[in-house]
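Everything below concerns the one structure shown next.
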């Protein structure tokens, strides 16, 4: 495999795609960026963003000989284009979720392994300093044995991207892979990352609001993890598009106290056994682009060093498998084992 990155293909030019363009141009100014769009390319857009080329077919995209591709179109379209690119030996960074369905994800993973190319899933939250510190504190047994986990994430969908009509967003549309389970799947990924593989789920998903969407806006989930110290580890996870007090938090309750990660404030706090106040262990609120910058640097580094990616295709597939189990559990009103 040629480890030198000269051309990067970007599939999709929505808000996240434009963010990637900005970051790559800043970090790697000599790298050419080709954009694949399924609608007509606009010359003005190419000039404004400083793109090398814009194409409207996968064949034309492959002809530009990219060494890496970033797939940031809707999740329902990820696997089809990724498989074609992988078959042509192109390294892949796929925006989360890796797909809206587990169907064909394993085939993509196998293709990438066969062709010795990188397949990375873009769960950029794993690069957030406060979440990394939170994980380190748990692994260091800061609060001893863990008894339970409570995670929550929510934001009112219309205020999420105030400059655009929420009804046209990926988040709001089933055909594009929307809904809280897929759009907010960072939570499922980091719980799986920190506490080990999810073994079973029990869930209820629903549309509670009057938002003009055709997907679930609320999910109440219980996740069961592998037993530790002969005690089953349980996490509750609440996700929604309806709360006006934007939140992203995780509480971990242990024998020596409680740890709190606040993803909005970028803080890790601890209330130790016997204390009556929270103590801040870590505080860092980097620029909004920070995690995306670290993600791109990690992706490029994996390609150049021929090392496994920080967040693998398998990691992405595990999240999709959990999401499907959650949907099934809600449908049959029962525990579903993975």
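In this note's numbering, the protein residues as written are 17 to 354.
Note that beta-carbon positions come from the ideal geometry of N, C-alpha and C, so glycine has one too.
Three-state class that DSSP yields for residue i in the structure shown
i: residue 180; result: coil
i: residue 18; result: Note that residue 18 has pLDDT 47, beneath the 50 cutoff, so the model's placement of it is unreliable and the number below is only indicative. Residue 18 falls in the coil class under three-state DSSP.
i: residue 257; result: coil
i: residue 264; result: strand
i: residue 168; result: strand
i: residue 36; result: helix
i: residue 188; result: helix
i: residue 173; result: helix
i: residue 248; result: strand
i: residue 43; result: helix
i: residue 343; result: helix
i: residue 353; result: strand
i: residue 141; result: helix
i: residue 49; result: strand
i: residue 31; result: helix
i: residue 336; result: helix
C-alpha gap between residue i and residue j, whole angstroms
i: residue 326; j: residue 193; result: 24 Å
i: residue 90; j: residue 199; result: 11 Å
i: residue 125; j: residue 135; result: 7 Å
i: residue 18; j: residue 42; result: Low confidence applies to residue 18: its pLDDT is 47, below 50, so where it sits in the model is not reliable, and the reading given next is rough at best. Whole-angstrom Cα-Cα distance: 23 Å.
i: residue 288; j: residue 317; result: 39 Å
i: residue 133; j: residue 310; result: 20 Å
i: residue 104; j: residue 302; result: 37 Å
i: residue 167; j: residue 315; result: 28 Å
i: residue 115; j: residue 283; result: 31 Å
i: residue 271; j: residue 170; result: 28 Å
i: residue 204; j: residue 189; result: 20 Å
i: residue 101; j: residue 44; result: 22 Å
i: residue 250; j: residue 262; result: 24 Å
i: residue 56; j: residue 49; result: 17 Å
i: residue 70; j: residue 130; result: 29 Å
i: residue 354; j: residue 66; result: 46 Å
i: residue 352; j: residue 22; result: 46 Å
i: residue 36; j: residue 281; result: 24 Å
i: residue 340; j: residue 332; result: 13 Å
i: residue 187; j: residue 290; result: 43 Å
i: residue 191; j: residue 94; result: 13 Å
i: residue 20; j: residue 183; result: 41 Å
i: residue 298; j: residue 74; result: 45 Å
i: residue 83; j: residue 29; result: 19 Å
i: residue 111; j: residue 87; result: 6 Å
i: residue 267; j: residue 163; result: 11 Å
i: residue 108; j: residue 85; result: 5 Å
i: residue 97; j: residue 118; result: 15 Å
i: residue 160; j: residue 210; result: 15 Å
i: residue 346; j: residue 32; result: 31 Å
i: residue 344; j: residue 246; result: 28 Å
i: residue 276; j: residue 92; result: 34 Å
i: residue 140; j: residue 348; result: 33 Å
Residue range of the beta strand (DSSP E) that includes residue i
i: residue 207; result: No beta strand (DSSP E) contains residue 207, which is instead part of the alpha helix (DSSP H) from 202-211.
i: residue 24; result: 23-27
For residue i: DSSP bridge partner residues
i: residue 220; result: 236
i: residue 329; result: For residue 329, which the question treats as bridged, DSSP gives no partner whatsoever.
i: residue 284; result: 277 and 298
i: residue 270; result: 162 and 273
i: residue 135; result: 108
i: residue 348; result: For residue 348, which the question treats as bridged, DSSP gives no partner whatsoever.
i: residue 214; result: 241
Range of the contiguous alpha helix (DSSP H) that encloses residue i
i: residue 313; result: 306-321
i: residue 196; result: 196-199
i: residue 147; result: 145-155
Beta carbon proximity, residue i to chain B, threshold 8 Å
i: residue 206; result: Within the model displayed, chain B is absent; a lone protein chain is all it includes.
(request) Write down every uninterrupted run of the alpha helix (DSSP H) in the stretch 51-133 whose length is 4 residues or greater and which is fully enclosed by it, in chain order. (result) 59-65, 74-79, 94-103 and 121-130, all fully within the stretch 51-133.
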